[in-house]
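The next block holds one structure in the form of structure tokens; read it before the comments.
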Amino acid sequence: MSEHDRHRQSNQQQHGHSESHPPQHNDQHNGNHQQHGGHGFDLASAALDEMHAAGFKPEFGAGVAEELAATEAKLATLKPVAGVEDLRALGWSSIDNDTSKDLDQIEVAERVAGGIKLRVAIGDVAAAIEKGSPIDKHAQDQTQTIYTAVKNFPMLPLELSTGLTSLNENGDRQAVMMSFTVGPEGQMLDESVSRALVRNRAQLAYSRVGPWLENTAAGKVDNDVMSLRSDSAREHDEAQLDSGSLPQDWLVEQLKLQDEAAQALHEARVKNGALEFHKAEADPVVVDGRVIDVHEATQNRAMNLIEDLMVAANGVMARALRKGGRSGLQRVVIVPKRWDRIVALAAQHGGSLPTVPDSVQLNNFLEEQRRTDSIHYPDLAVAVIKLMGPGEYLLMRPDDDPTGHFGLAARDYTHSTAPNRRFPDLVTQRVLHAMAANEPAPYSDAELIAIAQHCNEADKALRKIERDMQKRVAAVAMSSRIGEVFPGVVTGASDKGVYVRVIRPPFEGRVVQGEDGLDVGDKVNVKLIHTDPARAFIDFAKVSGR
11 MSEHDRHRQS NQQQHGHSES HPPQHNDQHN GNHQQHGGHG FDLASAALDE
61 MHAAGFKPEF GAGVAEELAA TEAKLATLKP VAGVEDLRAL GWSSIDNDTS
111 KDLDQIEVAE RVAGGIKLRV AIGDVAAAIE KGSPIDKHAQ DQTQTIYTAV
161 KNFPMLPLEL STGLTSLNEN GDRQAVMMSF TVGPEGQMLD ESVSRALVRN
211 RAQLAYSRVG PWLENTAAGK VDNDVMSLRS DSAREHDEAQ LDSGSLPQDW
261 LVEQLKLQDE AAQALHEARV KNGALEFHKA EADPVVVDGR VIDVHEATQN
311 RAMNLIEDLM VAANGVMARA LRKGGRSGLQ RVVIVPKRWD RIVALAAQHG
361 GSLPTVPDSV QLNNFLEEQR RTDSIHYPDL AVAVIKLMGP GEYLLMRPDD
411 DPTGHFGLAA RDYTHSTAPN RRFPDLVTQR VLHAMAANEP APYSDAELIA
461 IAQHCNEADK ALRKIERDMQ KRVAAVAMSS RIGEVFPGVV TGASDKGVYV
511 RVIRPPFEGR VVQGEDGLDV GDKVNVKLIH TDPARAFIDF AKVSGR
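Take the sequence shown: its letter number 152 is residue 162 in my numbering, and every next letter is one higher.
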């Protein structure tokens with residue numbers, strides 16, 4: 011289960027219908043949203059309407075422009091200061107989506123006695139935004155950046171999140187840094203948190219680094235690292251990488267070291283009970299603001315690398331705050347209250363789980379199902395995720411026994427690696443700053459409890475917006491394929507309807523013709539007969555022969 015969730019299009023399974031129809035206020039889209047998409051449907055306007063209907067105000071308000079001007083002046087020149095180490099000469103790099111511009115973290119590794127030392131630098135957003143300022147109030151209200159296929163709603167103004175506080179290639183930035191050494195068995199040693207000046211030497215892309223790492227691991231070495239740079243980096247500067255005084259093959263060695271450390275961390279986490287979910291996820295193809303298709307998104311080795319390093323870094327931060335006697339926000343997934351239902355679900359698939367929650371046994375069962383029943387595995391994974399429940403924020407007092415994160419098998423865990431796009435991470439940075447300066451806490455425990463509750467409530471509302479938009483995106487993307495026949499699997503069958511998941515491309519809809527006799531797990535061919543993005547409907551007819 012990814013808590014890093016760097017994948018910018020919300021990676022949740024597509025559904026043609028929910029168990030009940032979407033709210034009727036969406037029907038207004040029929041008349042008003044006729045500019046974009048295969049249906050002539052304006053997805054961007056629909057997304058904005060969803061934000062407003064949920065009570066969010068994505069537009070930045072009064073005072074933001076003035077604050078931006080002052081912040082730009084403050085951050086115009088960075089110079090080394092006391093307590094901030096100048097590490098700009100190191101071989102830092104980032105790996106993210108091809109088009110991402112809000113870069114929160116960069117990494118650098120070195121071989122040391124006893125293992126590999128990792129430094130994870132996070133853009134120091136707290137140094138740029140004052141608590142209680144207009145920008146801060148907007149960030150606290152929205153709580154996170156929302157990504158949809160054709161329109162994003164940033165938590166911070168783009169001048170900051172994709173500019174002055176983004177760790178873009180060849181830019182000097184102030185950062186919060188988590189350092190730790192990874193031993194050969196994935197053990198974490200010599201942890202510390204500090205502040206530094208950094209410079210991203212190479213802005214790379216998941217889509218390029220993933221295959222490169224996989225080929226390298228298989229002995230097919232390709233040292234053309236320029237080909238690994240992201241589209242965003244190429245847009246900004248087609249020149250060679252700014253390698254400074256680094257050796258010629260520095261980036262090749264960096265990626266190999268980081269991958270080696272990440273693999274060790276991952277193996278240790280899985281051994282301790284971290285859950286691995288391999289879901290069938292949809293990746294919209296957007297051209298000139300129009301959704302033209304949906305492809306199957308694939309998790310690759312570069313994504314896993316970053317996730318493993320960020321999970322480790324978040325643990326380092328949580329332990330540092332606890333050791334420093336500071337309250338903060340912990341990110342938790344509690345032991346599933348519906349474990350008995352997970353046990354029953356496993357039994358339906360021929361598995362056996364203990365009556366007491368055990369993440370190691372659950373992960374072993376899921377991996378066995380993925381190997382032996384790849385057709386039904388994605389739906390099983392989604393069902394288990396739903397039964398586990400979403401992550402949530404809670405107050406983390408230094409003397410309290412940590413709640414822990416069941417899915418990550420993490421005891422101490424916070425969110426600290428994405429302050430450009432998650433408000434709790436910005437809160438964490440402020441707590442760290444106060445601790446480092448031996449100053450009073452920026453937030454009382456009561457304030458932290460209120461922030462956690464608001465973030466949890468907002469997260470629930472924003473997840474619904476993302477789900478509804480994913481349904482609309484699928485309806486728009488598939489509108490040009492009316493009449494085509496697809497193989498699928500029945501994922502739901504009740505008095506509320508029969509639902510089928512098409513495997514490639516990954517999308518789901520309701521069988522409205524010939525559904526009698528179908529049951530969950532049945533393989534079936536279906537013809538796409540209707541899509542309605544305004545109501546997020548995709549309708550199928552059963553085709554005889556399967």
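Even glycine gets a Cβ: it sits at the ideal position worked out from N, Cα and C.
The structure displayed is predicted, hence computed values, not measured ones.
- Per DSSP, valine 262 is one residue of the alpha helix (DSSP H) stretching across 260-281.
- Checking the DSSP bridge columns, you'll see leucine 339 partnered with Leu405.
- If one requires a minimum length of 3 residues, the beta strand (DSSP E) runs lying completely within the stretch 158-239 are 182-192, 198-209 and 212-215, in chain order.
- Taking the Cα positions, isoleucine 352 is about 44 Å away from serine 237.
- For valine 495, DSSP records a beta bridge to Lys537.
- Residue pairing by DSSP places leucine 128 opposite Ala119 and Phe190 in a beta bridge.
- Bridge partners of proline 294 according to DSSP: Val304.
- Along the length of the stretch 456-497, whole alpha helix (DSSP H) runs at least 4 residues long do not occur.
- Using a C-beta cut-off of 8 Å, the stretch 411-428 makes contact with the stretch 317-336, since at least three inter-stretch Cβ pairs fall below that distance.
- In the three-state scheme derived from DSSP, where H, G and I count as helix and E and B as strand, threonine 501 is classed as strand.
- Boundaries of the beta strand (DSSP E) harbouring phenylalanine 517: 517-523, taken from the DSSP string.
- Judged by DSSP secondary structure, arginine 421 falls outside any alpha helix (DSSP H); it is assigned neither H nor E.
- DSSP lists Val343 and Ala420 as the bridge partner or partners of histidine 415.
- Apart from the 5 residues on each side of it in sequence, isoleucine 461 sits with its Cβ closer than 8 Å to the Cβ of Gln150, Leu339, Tyr403, Phe433, Pro434, Val437 and Tyr453 in its chain, given in chain order.
- For alanine 551, the secondary structure class from DSSP, reduced to helix, strand or coil, is strand.
- Residue state for glycine 133 is assigned as strand, using DSSP reduced to three classes.
- Fewer than three Cβ pairs drawn from the stretch 90-102 and the stretch 166-176 lie within less than 8 Å of each other, which leaves the two stretches out of contact.
- Nearest neighbour of leucine 177 by Cα position, chosen from Arg380, Gly196 and Glu117, turns out to be Glu117.
- At a Cβ-Cβ threshold of 8 Å, tyrosine 509 and arginine 520 count as neighbours.
- Counting along the chain, the unbroken alpha helix (DSSP H) around arginine 381 starts and ends at 369-382.
- In the DSSP annotation of this structure, the continuous segment of the alpha helix (DSSP H) that includes isoleucine 352 starts and ends at 349-358.
- For the pair serine 489 and threonine 541, the Cα-to-Cα distance works out to about 6 Å.
- Leaving aside the five residues that flank alanine 271 on each side, the residues in its chain whose CB is nearer than 7 Å to its CB run, in chain order, Ala119, Ile126, Leu128 and Val192.
- Here asparagine 225 is exposed. Its C-beta has fewer than 16 other C-beta atoms within 10 Å.
- Straight across, the Cα-Cα distance linking glutamine 463 with glutamine 523 is about 44 Å.
- With 16 or more neighbouring CB atoms inside 10 Å of its own CB, alanine 356 falls in the buried class.
- Contact between isoleucine 132 and glutamine 115 holds: their C-beta atoms lie close to 5 Å from each other, under 8 Å.
- Boundaries around valine 441 are those of the alpha helix (DSSP H), 433-446, since no beta strand (DSSP E) includes it.
- Excluding the 5 residues flanking it on each side, valine 534 has same chain C-beta neighbours closer than 7 Å at Gly498, Val500, Val510, Leu528, Lys552 and Arg556, in chain order.
- The distance from the Cβ of alanine 80 to that of glutamate 195 is about 49 Å, inconsistent with a contact at the 8 Å cut-off.
- Looking at the DSSP output, isoleucine 513 sits in no beta bridge, so it has no partner there.
- Between aspartate 469 and the set Pro68, Gly124, Ala72 and Gln152, the nearest pair of CA atoms involves Gln152.
- Between cysteine 465 and leucine 405, the alpha-carbon positions lie close to 12 Å from each other.
- In the DSSP assignment, aspartate 106 falls within the unbroken beta strand (DSSP E) covering 103-106.
- According to the DSSP secondary-structure assignment, valine 94 is paired through a beta bridge with Arg205.
- Residue pairing by DSSP places glutamine 154 opposite Arg432 in a beta bridge.
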